[in-house]
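Protein chains: 2
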Amino acid sequence: MELEEIKELLEQKKFNELKNKLKEMKSADISALLDELDKESVIKVFRILSKEKAGMTFSYIESDRREKLIQDLTDAELKSVMDELFMDDTVDLIEEMPSNIVPKILKAVSKADRKVINELLKYPEDSAGSMMTTEFIDLKEDMTVEDALQRIRDIGTDSETIHTCYVLNSNRVLQGIINIKDILLADKNTVIKDIMETNIISVNTTDDQEDVAKMFDKYDFYALPVVDTENRLVGIITVDDAINVLREEISEDFEKMAAIQPNEEGYFETSVFKHAKNRILWLLILMLSSAITGGIITEYENAFAAVPLLVAFIPMIMGTGGNCGSQSSTLIIRGLATDEIKLKDIFKVLWKEIRVSVIVGIVLAIVNGIRIMIQYKDLQLAIVIGLTLIGTVTLAKMLGCLLPLLAKKLKLDPAIMAAPLITTLVDIFSILVYFQIATAIMGL
Amino acid sequence: MELEEIKELLEQKKFNELKNKLKEMKSADISALLDELDKESVIKVFRILSKEKAGMTFSYIESDRREKLIQDLTDAELKSVMDELFMDDTVDLIEEMPSNIVPKILKAVSKADRKVINELLKYPEDSAGSMMTTEFIDLKEDMTVEDALQRIRDIGTDSETIHTCYVLNSNRVLQGIINIKDILLADKNTVIKDIMETNIISVNTTDDQEDVAKMFDKYDFYALPVVDTENRLVGIITVDDAINVLREEISEDFEKMAAIQPNEEGYFETSVFKHAKNRILWLLILMLSSAITGGIITEYENAFAAVPLLVAFIPMIMGTGGNCGSQSSTLIIRGLATDEIKLKDIFKVLWKEIRVSVIVGIVLAIVNGIRIMIQYKDLQLAIVIGLTLIGTVTLAKMLGCLLPLLAKKLKLDPAIMAAPLITTLVDIFSILVYFQIATAIMGL
Numbered sequence: 121m122e123l124e125e126i127k128e129l130l131e132q133k134k135f136n137e138l139k140n141k142l143k144e145m146k147s148a149d150i151s152a153l154l155d156e157l158d159k160e161s162v163i164k165v166f167r168i169l170s171k172e173k174a175g176m177t178f179s180y181i182e183s184d185r186r187e188k189l190i191q192d193l194t195d196a197e198l199k200s201v202m203d204e205l206f207m208d209d210t211v212d213l214i215e216e217m218p219s220n221i222v223p224k225i226l227k228a229v230s231k232a233d234r235k236v237i238n239e240l241l242k243y244p245e246d247s248a249g250s251m252m253t254t255e256f257i258d259l260k261e262d263m264t265v266e267d268a269l270q271r272i273r274d275i276g277t278d279s280e281t282i283h284t285c286y287v288l289n290s291n292r293v294l295q296g297i298i299n300i301k302d303i304l305l306a307d308k309n310t311v312i313k314d315i316m317e318t319n320i321i322s323v324n325t326t327d328d329q330e331d332v333a334k335m336f337d338k339y340d341f342y343a344l345p346v347v348d349t350e351n352r353l354v355g356i357i358t359v360d361d362a363i364n365v366l367r368e369e370i371s372e373d374f375e376k377m378a379a380i381q382p383n384e385e386g387y388f389e390t391s392v393f394k395h396a397k398n399r400i401l402w403l404l405i406l407m408l409s410s411a412i413t414g415g416i417i418t419e420y421e422n423a424f425a426a427v428p429l430l431v432a433f434i435p436m437i438m439g440t441g442g443n444c445g446s447q448s449s450t451l452i453i454r455g456l457a458t459d460e461i462k463l464k465d466i467f468k469v470l471w472k473e474i475r476v477s478v479i480v481g482i483v484l485a486i487v488n489g490i491r492i493m494i495q496y497k498d499l500q501l502a503i504v505i506g507l508t509l510i511g512t513v514t515l516a517k518m519l520g521c522l523l524p525l526l527a528k529k530l531k532l533d534p535a536i537m538a539a540p541l542i543t544t545l546v547d548i549f550s551i552l553v554y555f556q557i558a559t560a561i562m563g564l
Numbered sequence: 121m122e123l124e125e126i127k128e129l130l131e132q133k134k135f136n137e138l139k140n141k142l143k144e145m146k147s148a149d150i151s152a153l154l155d156e157l158d159k160e161s162v163i164k165v166f167r168i169l170s171k172e173k174a175g176m177t178f179s180y181i182e183s184d185r186r187e188k189l190i191q192d193l194t195d196a197e198l199k200s201v202m203d204e205l206f207m208d209d210t211v212d213l214i215e216e217m218p219s220n221i222v223p224k225i226l227k228a229v230s231k232a233d234r235k236v237i238n239e240l241l242k243y244p245e246d247s248a249g250s251m252m253t254t255e256f257i258d259l260k261e262d263m264t265v266e267d268a269l270q271r272i273r274d275i276g277t278d279s280e281t282i283h284t285c286y287v288l289n290s291n292r293v294l295q296g297i298i299n300i301k302d303i304l305l306a307d308k309n310t311v312i313k314d315i316m317e318t319n320i321i322s323v324n325t326t327d328d329q330e331d332v333a334k335m336f337d338k339y340d341f342y343a344l345p346v347v348d349t350e351n352r353l354v355g356i357i358t359v360d361d362a363i364n365v366l367r368e369e370i371s372e373d374f375e376k377m378a379a380i381q382p383n384e385e386g387y388f389e390t391s392v393f394k395h396a397k398n399r400i401l402w403l404l405i406l407m408l409s410s411a412i413t414g415g416i417i418t419e420y421e422n423a424f425a426a427v428p429l430l431v432a433f434i435p436m437i438m439g440t441g442g443n444c445g446s447q448s449s450t451l452i453i454r455g456l457a458t459d460e461i462k463l464k465d466i467f468k469v470l471w472k473e474i475r476v477s478v479i480v481g482i483v484l485a486i487v488n489g490i491r492i493m494i495q496y497k498d499l500q501l502a503i504v505i506g507l508t509l510i511g512t513v514t515l516a517k518m519l520g521c522l523l524p525l526l527a528k529k530l531k532l533d534p535a536i537m538a539a540p541l542i543t544t545l546v547d548i549f550s551i552l553v554y555f556q557i558a559t560a561i562m563g564l
């Protein structure tokens, strides 16, 4: 269904028809439509949804619409929405909402849930603890398959996934995990202990969410258990939440690599003032750094006074250097992010980049030499520019691979050593190389 | 276990100890170790693994090690590995291996599987068809829950996931889907038809893999059905494969945005020559484009002959313009990739970027003005540079948001309109703006 259609049905008060259309739609699609609808109408559509769908839809819509919706819903309606949310979504909601809304939300959840929420809110924002949900299937070692299936039937409705079940002892320490597939495929009298997997990969509540997301990628899990310092199971993280984190972390990397301070809100959600603020800091740093390049140029005033054409090649040399540097740094930053490149590979990387630089530098020098010979018929200039290109390319690629590795070594995020910073640094060196070569060869 | 430990155990021929250690490890971790081990020793470790673990480990290791391993394994050993692989992994393997290895692989699979493989190989490389596996649970509408559970027990071992089951009619047309949770939680005499979900999201065999991966992100699926043009179910795609595609597509975007031709192989797997080749094309295009900027500078030879200091500010103006442009283009490219920004938002985006530009431009102009007043005590120069900065920032941000949207409109990948291209274009305009303002104000 399209936005226009919803608007029309709402206007004509054809609520029954709207209700039937919405029944056919997935919650994610309904929420996408609600995100486009004017805030005042959201509540009207929302009230038509079934209880279950309302809960699911609510967990997908964007935060300013959620805020308005919570204000518009009656306490009873909000309670029924909160009943449908899993604990991780509830906690995300509370973390996101302004403090004047939070009491209304807390009032809508049961006392027992409120206790769990308060525990979950204590975990640092980007930790496994803040990603996890507390609704999972727990089994005991001495249960038979039949007992286990009964337990799943008893508590499965409230559990976020029944795909993986967790075997705990009386202290809630994690003993083993077992997939629903292995339970179903085993004889009903088999004891869980005999078929559970005891070689368990788990994460700690304080682990970083990015590392957690990477584990899903590496091990192809559907869910991952989260334990406390005493190895007691406190929650699980499901793969859909891991995908969300992956997406967030990648957007953050893209932003950092473009010299923007990372921002969790979407493009349109972010105010103009905040956009400006996120972009100004790095622009200022880079702008003032390029004053160094300017200073170097001033030193060679006599050179370009004698051969003004030298100035015309500054953009090309700086541009090529910058591009070469960002090619290398992007590959290295990406390799570090996916764990393909490790710190110990530094010499392997360096040796590879040197060889690439030589090939790239020579090709660029030749192509440019031909252009200069055609355009200016000046062999000396062609040689100066050719040598400068080879030097700049090599230097740029060295900086481009070394700086991200250095950042990693210093436990900084390699993503800050991306195109903008590399380009500014390469500018300084390439201008130096250029004028050194030019003055030497041309005898200026 | 660490690499050194494996090497030691291998050298001392302590195979039993090694076997026990490997038993405790996940396949993904074993394969990571094998990727670091010398190629000749891989087969020794591989032969110690249990049949199931060998299959899983095989599906994770990198392609040049797989190639060597296939050559080293006996036909019988290879057959037992192939038995453990799911159809999608088998197809990926065949697509990846050089043609002299493929016959040995095909000999190791059953005749029936060979037929399926040949069908799957016909799908385009980046399509849903090439991602899917054909091992899934199919049910019939009139089955009871008890029948369904029996069916799952019968064919579940060979199925990639039992999390979602697919209800087909006699023509294998998809009628509904049902989660294992809903089956387990229902009464055993319930008919599947009554509890299955009929509002199904499916993809077509020819759909693009990137769109498929996005659907997992949007709908939080564990598996997605793939149908042919007659809506017959031909396979399923599981979330782990979707995560792989997401990762690949993102690496591709990073590469494109750094002016590198995308490459599916890893950094170390790619040869020096291929690295150079992937980087040269864009460098040449950008290098020759920057000759335009050079040409413009030549036009203003008299201006910088009169005020040589003007040359010193070229790097700063070009750098700031480039950085502003790439900030905007990165945000827009990313927004388009995650579907947050759509083509119809063009005026919303433009209006936002204009306001951001004004704030950013003024702040940069003021800071730089102060620097110039302190360093050179030259108000006229401060005004020229300040006005140029405001003009350049605005222009750069306009280009940075418009060009990716234009690319999208022309059905090109917006990622090509990233930092390197934007920077080169901004260079041209910013130099023009700079010398126009300078000559006008300074009366050159």
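So the protein sequences, as listed, match chains G and S. Residue numbering for the first sequence follows the numbering used here, starting at 121 and increasing by one per position. Residue numbering for the second sequence follows the numbering used here, starting at 121 and increasing by one per position. Here a beta-carbon is modelled for each residue, glycine too, at the ideal position from N, C-alpha and C.
- Put simply, the backbone Cα of S/D360 is about 60 Å away from that of S/F424.
- By the 16-neighbour rule on beta-carbons within 10 angstroms, G/Y554 is buried.
- One alpha carbon belongs to S/D149, the other to G/Q381, and they sit about 35 Å apart.
- The contact set of S/T543 on chain G, defined by CB atoms closer than 9 Å, consists of G439, G442, N443, A539 and T543 in chain order.
- Rounded to the nearest angstrom, the Cβ distance from G/C285 to G/I272 is 7 Å, consistent with a contact under 8 Å.
- Interface residue (Cβ-Cβ distance to chain S less than 9 Å): G/F374 is classified as such.
- When secondary structure is reduced to three states using DSSP, G/L294 falls in the strand class.
- Within chain S, the residues whose beta carbon sits less than 7 Å from that of G/E421 are P428, listed in sequence order.
- Ranking G/K308, G/G296, G/T277 and G/I257 by CA distance to the CA of G/T264 puts G/K308 first.
- Considered as a whole, the stretch 149-179 of chain G harbours 159-168 as its complete alpha helix (DSSP H) runs of no fewer than 4 residues, in chain order.
- Excluding five sequence positions before and after S/H283, the CB atoms of its chain that fall closer than 8 Å to its own CB belong to N299, I300, Y342 and A343, given in chain order.
- At a beta-carbon threshold of 7 Å, none of the residues of chain S lie near G/S183; the nearest stands roughly 14 Å away.
- Taking a cut-off of 8 Å on C-beta distances, the stretch 546-553 of chain G touches the stretch 415-423 of chain G, as three or more cross pairs fall below it.
- Annotation: G/Y496 is outside any beta strand (DSSP E); the continuous alpha helix (DSSP H) that includes it extends over I466 to Y496.
- Distance from the Cα of G/K188 is smallest, within the candidate group G/D208, G/L213, G/D209 and G/A558, for G/L213.
- Checking the DSSP bridge columns, you'll see S/Y286 partnered with S/D258 and S/I297.
- Only residues of its own chain outside the window of five on either side were considered, and among them T253, E255 and E280 have a CB closer than 7 Å to the CB of S/F206, listed in chain order.
- Distance from the CA of S/D348 to the CA of S/M176, rounded to the nearest whole angstrom, comes to 29 Å.
- Taking C-alpha positions only, G/A333 is separated from G/N364 by approximately 9 Å.
- For S/R186, no chain G residue has a C-beta closer than 8 Å to its own C-beta; the minimum C-beta separation is roughly 17 Å.
- Residue pairing of G/E317 in beta bridges, as defined by DSSP: G/I297.
- If you check the CB distance, S/G386 and S/L545 do not come in under 9 Å.
- In this structure, DSSP gives G/T358 an extended state, which the three-state scheme calls strand.
- Put simply, the CB of S/K497 is far from chain G, with every gap to its CB atoms at 9 Å or more.
- In the three-state DSSP reduction, G/T512 falls in the helix class (H, G or I).
- When the Cα atoms are used, G/E125 and G/K134 turn out to be separated by approximately 11 Å.
- Spatial neighbours of G/I452 in its own chain (CB-CB distance under 8 Å, excluding positions within 5 residues in sequence) are listed in chain order as I461, V469, G520, C521, P524, L525 and P534.
- From the beta-carbon of G/N488, the residues of chain S found nearer than 7 Å are M407.
- G/G489 sits close to G/I503, with the two beta carbons spaced by under 9 Å.
- Relative to S/Q132, the option among S/K164, S/V201 and S/K235 whose CA is nearest is S/K164.
- In terms of beta-carbon proximity, S/Y286 stays away from the interface with chain G, with every pair separated by 9 Å or more.
- A straight line joining the alpha-carbon of G/D158 with that of G/K173 spans about 20 Å.
- The DSSP-derived three-state label of S/L344 is strand.
- Take S/R454, set aside five residues on each side of it, and no residue of its chain has a beta-carbon closer than 7 Å to its own.
- At a cut-off of 9 Å, the C-beta of S/D331 has no neighbouring C-beta in chain G.
- A direct Cα-Cα distance of roughly 15 Å separates G/I561 from G/I510.
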